[in-house]
Structures are given as C-alpha cells and as structure tokens.
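Novice: Handing you a structure now.
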Amino acid sequence: MDIDDILAEVDAQSIPQETKDLQELTRAWIAERVAPELLKWPSALMDRVLERIRQQIESVEEQTGNLDPKANFTLIIIQTELERFKFLIRSFLRARLSKIDAHAAHYAARATSTPSLLSSSETQYLRSHTALLSAHYAASFLGTFPASLRGLEDSTGGVRMVDGPDEDGAVFVRALRDVGSVGVEGTERRFEVRRGDVWVVRWSAVRGWVEMGDMEVI
Amino acid sequence: MALPLPPGLTPPEVAFLCEMELVTVIPRQRLEGLALLGGPIAALNPPHRTSLPLWLALLLKRQRRANILPPPWLSPHSLTAILDHETENEEGFSPPPRLPPQPSNNTLPISPPFLPSSTAEAAPDALPYHWLELGEMLLGAASDDFEDPDNVRKLLRGLREVRMAKLRKGVDVLDAGGGVQMNGVGGMEVSEGRAFIGGVVDGLRKIAASREQQRRDKEREERENGYPGTGDYEDDEMDMQ
C-alpha cells in the first residue's frame, strides 16, 4: 500500500453517505435498464433513499410559503434535484415492472427460491397479475379444455412452457476490479479482465461478478 | 406503467447520466450551502472555484449566476492531439483517462459519471466516458465560456466520425461468444452501438446454437444406428473454423 492508496482510502471515507447512495442507486438503475433479467431488490438502499426523499418533500412544503427571492432560488435547486431523484426511482421501478410483466411465471417461480429478488409491493403485484391472468385464461378458453391439458407450466416433451428472459443476451460491462480470467460457457473463449476494461459479453458469463459488484453493466 | 423501452439506455437517459458529472464553476453570486439528496453542496463564494454536478452548473449558468470552466481535454489543443491519435491508430479507441488508485475491498468502487474526469483538474490528454454528451451540453449552454467554441465543435465532430467508423468496423471481430474488448468507448457510443452490436452477437449465437443442436442430434442418431460418423460431420467442422 503506497501513499496514493492511503489517500484514496481517506477520500472514500470522506464521501458522505448521501453521495454513496446516489452512486449506488444510479448503478442499480443502469443495471436494471440494461441487464436482460431482473436483479435483486436493493432493499436497504431503497429504504434510505425513499426516506430522504420523503423528508426533502416535507421541507420543500414548509419552505414554499417563503417569499424571499433568494430562498426562492434555493428552492428551485432543491426541487430540480428532487425531480431527478424521482425520475431515477420511477424509471428503476418501471424497468423492473416491465420485466416482471414479460416473464411473470418465471419470476414467480424464482421469487419463492430467492425471496430477496422482489420487494413486498412487487410480490403483491406479481401475485395479483398472475391471478388475473389465470382467471382470464380459464374463463376465455382453458375452461373448455380437458382437465389434463389445462396446465400452463408443463415441461413434458423437453420444452418448458414457462418462458424466461434471454440470459445469454450480449451486454456491455465495465470491470470495477481486476477479476482475472472470464470464460464464456459453451464456447472456447476465455479472456483476462482487468480493472477499467470494457467488454461486450454474454450476460450469463458475467452475471456473478455484476451481482458481487466487481463489474458493472453500462 | 411498465417501461415500454428495450434494454439499454436511450440517448436522453445517457444525457441525464452525464448531468451527474462534476464540472468546475466560477460563481458570480453568493449562494448558501445546500443539503441536497445527493450530498451537501458547499456555499458558493465568488470568485472561488467549486465543483458542482453538471445539472446544477447548467442551471446556474442559464441564470447568469456562474461561469463554467471547461475541462482541459475540451480545448482545441488537446482535442487536436487526441484526434491525431485516433486517426493514426486504427485499432481501438484512444485510451480512457487514468483510473484513480484502487479503493480497498469494502468500499464501493467509483465509476463514471462520478469520477472527477471533467473538472478543471482533469487529465488533458484523454477523453472520459461522457466526452461527447458533456462537450455538446457545454457548447450548447456555455459556449461563451470557451475560448474558441467553433474550433472545439469542429474537432468534436471530427472525433465522433473517426470513432463511429471504428465502432462500425469493429463488427468484423464480433462472434457468437461475445468477448469483444472496447476500452475507451464513450457512453453515447455504447447507447448508439448497443442495438447493432448486441443484435449481431445475439444473432450469431442463435445461428451457432442451431448448428450445435443439429450436430448433437446427429451424433445421437449415429450412436443409436450403430454406424460411425460420415463425411458430413467433418464438413461441419470445417465450416466452424
């Protein structure tokens, strides 16, 4: 460890928690917008950010009565930033919803094995979404089928009926740490990934590193 | 409700991201410190320089409350040098700015747009991740803070064309497994190239997948019929190379 490392460490510690949360939220938003499948719900981060947003809205409401032109301008800045945060959160949630909508049955199965995948409202949404859909299918056509043909999760014949996201889709990733050798399953490709490198690679090959925070999708 | 967009950031979203980059401003008015959601902002005291996120700097600039100091790489001199480098080296983009020292394992590694790569202290010899967006936005809102805005605009246009040509030429090296290195690529370039590059890699993968499947089926059939592989199998091997 040389002097630069020590300085970097001190720097990293001096970054306020708010700024770290913004960085983390931004990264989570990009990951959710880019990755082909749903990622884990960052519950601690979202709790902190949503609580801060709630407080900020309250303070804006208190200050709105103030007619001093100088206070007015700081209010504009605060509100502009508030809108930026709201956009981030909204876009993040909507990106997650669209993935849940697209592969509801797949995520319903996965959410039972990994409970941290969805937030509680997302679980609720997924449940009512599936309930509505299956009620609709049953009423419109499934009810007229013989009972043995009504299953929607049949996997006989080697083809699963439940459709999942394309886990092998190509993504752009940036390495945040040296991760060493990365191999692509099913092919003979292997390559060395060092910190700062940008690669185009299958999502399934780098998923583990992205989840651990050693790589980020861009 | 759900987002109707395909995966990948759209250009307005990349611009939104770029607005989080820190830039150096010279305030023209006092402003008290603010407790913002993304961390506190220090009080503005003219004529002391401070680093602010681009969105705030642009807001202050539009109201003529501050001037923006363009980053050193956004000068005609630096851009000319980088453009020369890009035209001379046909392989790959010009190298990105040097990374800060690696943080220890328990801290969150910082990456663009939060690296200070566009402040007045940034490296003058490398294009950061958000070079194109940042350059365009600064030229649009603060062209009077540049010494020679027209020349900068011209050089940015030149850089963009050279680099887009490289991005398109890079298609030759794409294959089914992916694994293509693209160091130094910019945010807007990723956004523009994603549909094409991702589409090619995914398409090649699907073609190879059906062939792999075919080969597996054939092998199984041959095993069941009890006679060894025919010439067709070798032909397939040749095609793969």
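Those protein sequence lines, which keep their order, are chains A and B. Residue numbering for the first sequence follows numbering that gives the first Met the number 0, starting at 0 and increasing by one per position. Residue numbering for the second sequence follows numbering that gives the first Met the number 0, starting at 0 and increasing by one per position. For glycine and all other residues, C-beta sits at the position ideal for the given N, C-alpha and C.
In the DSSP assignment, what are the bridge partners of A:W198?
Specialist: Answer is A:V172, B:Q180, bridged to A:W198.
Novice: With DSSP run on the structure shown, which of helix, strand or coil describes B:A194?
Specialist: helix
Novice: Give every residue of the same chain whose Cβ lies closer than 6 Å to the Cβ of B:A1, excluding the five residues on either side of it in the sequence, and list them in chain order.
Specialist: none
Novice: Quick one: complete alpha helix (DSSP H) runs, 4+ long, within the stretch 65–120 of chain A?
Specialist: 68–101, 103–112
Novice: For the beta strand (DSSP E) containing B:L51, name the first residue and the last one.
Specialist: 49–52
Novice: Using a cut-off of 8 Å between C-beta atoms, extract the partners of A:E215 located in chain B.
Specialist: Within chain B, the residues near A:E215 are S110.
Novice: What did DSSP end up calling B:T23 once you bin it into helix, strand or coil?
Specialist: strand
Novice: Please name the residue or residues paired with A:R189 in a DSSP beta bridge.
Specialist: A:G182
Novice: DSSP state of A:A130, grouped into three classes?
Specialist: Residue state for A:A130 is assigned as helix, using DSSP reduced to three classes.
Novice: Could you list which residues in chain A have their beta carbon closer than 8 Å to that of B:M19, in chain order?
Specialist: L21, T25
Novice: Report the partner residues of A:I14 according to the DSSP bridge assignment.
Specialist: Paired residue(s): none; A:I14 is not in a bridge.
Novice: At the level of alpha carbons, what is the spacing between B:A56 and B:R193?
Specialist: 30 Å
Novice: So A:Q78 contacts chain B; which residues on that side make the cut at Cβ distance below 7 Å?
Specialist: Result: empty, since nearest Cβ-Cβ is about 11 Å, beyond 7 Å.
Novice: Mind listing the chain B neighbours of A:E244? Cutoff is C-beta to C-beta under 9 Å, in chain order.
Specialist: Residue 244 of chain A lies beyond the range of chain A shown here (0 to 217); nothing can be said about it.
Novice: What's the C-alpha gap between A:A103 and A:T129?
Specialist: 7 Å
Novice: Measure how close the beta-carbons of B:L78 and B:L154 come, nearest whole angstrom, since I'm counting them as under 8 Å.
Specialist: About 4 Å separates the two Cβ atoms, so the contact holds.
Novice: Can you name, in chain order, every residue of its own chain whose Cβ lies under 6 Å from the Cβ of A:H105, other than the five neighbours on each side?
Specialist: Here the set comprises V161, G163.
Novice: For the beta strand (DSSP E) holding A:E215, just list the boundary residues, first then last.
Specialist: Where A:E215 is concerned, the enclosing beta strand (DSSP E) stretches over 214–216.
Novice: State yes or no: is the beta carbon of A:D153 nearer than 8 Å to at least one beta carbon in chain B?
Specialist: Taking CB atoms only, A:D153 has no neighbour in chain B less than 8 Å away.
Novice: Please list the terminal residues of the continuous alpha helix (DSSP H) segment that includes B:P99.
Specialist: Premise fails: B:P99 is in no alpha helix (DSSP H) and is neither H nor E.
Novice: Quick one: is B:A41 buried, meaning 16 or more other Cβ sit within 10 Å of its Cβ, or exposed?
Specialist: exposed
Novice: Quick test of your reading: B:I196 and A:A169, contact by CB under 8 Å. State the CB separation rounded to the nearest angstrom.
Specialist: 7 Å
Novice: Within 10 Å of its beta-carbon, does A:D213 have 16 or more other beta-carbons around it, so buried, or fewer, so exposed?
Specialist: buried
Novice: Less than 8 Å between the beta carbons of B:P52 and B:I25, yes or no?
Specialist: no
Novice: Which residues in the same chain as B:P259 place their Cβ atom closer than 6 Å to its Cβ, once the five residues preceding and following it in sequence are excluded?
Specialist: The displayed coordinates of chain B run from 0 to 240. Any statement about residue 259 of chain B would go beyond what the structure contains.
Novice: What three-state label does DSSP hand B:N224 in the structure shown?
Specialist: helix
Novice: At least one CB of chain A closer than 8 Å to the CB of B:V170: is that the case?
Specialist: For B:V170, the answer is no, since every Cβ of chain A falls outside 8 Å of its Cβ.
Novice: How long is the line joining the alpha carbons of B:Q180 and B:P96, rounded to whole angstroms?
Specialist: 17 Å
Novice: Taking A:D193 as the reference, give the member of A:R176, A:W28, A:V205 with the closest Cα.
Specialist: Residue identity differs from the one stated: residue 193 of chain A is Arg in this sequence, not Asp. Residue A:R176 is the option with its Cα nearest to A:R193.
Novice: According to the Cβ coordinates, are B:R29 and B:N44 closer than 8 Å?
Specialist: yes
Novice: Under 8 Å: do the stretch 58–72 of chain B and the stretch 134–154 of chain B share three or more Cβ pairs, one atom per stretch?
Specialist: yes
Novice: Going by Cα to Cα distance, which pick from B:A125, B:L131, B:L8 is closest to B:H76?
Specialist: B:A125
Novice: Comparing the C-beta of A:Q55 with each C-beta of chain B, is any distance below 8 Å?
Specialist: yes
Novice: Could you check whether B:S110 and B:L133 sit closer than 8 Å to each other, using their CB atoms as the reference points?
Specialist: no
Novice: Excluding the five sequence neighbours on either side, which residues of its own chain have a C-beta within less than 6 Å of the C-beta of B:E12, listed in chain order?
Specialist: none
Novice: From this set, B:L4, B:P112, B:E120, which residue's C-alpha is nearest B:L73's C-alpha?
Specialist: Selection B:L4, B:P112, B:E120 evaluated against B:L73 yields B:E120 as nearest (Cα-Cα).
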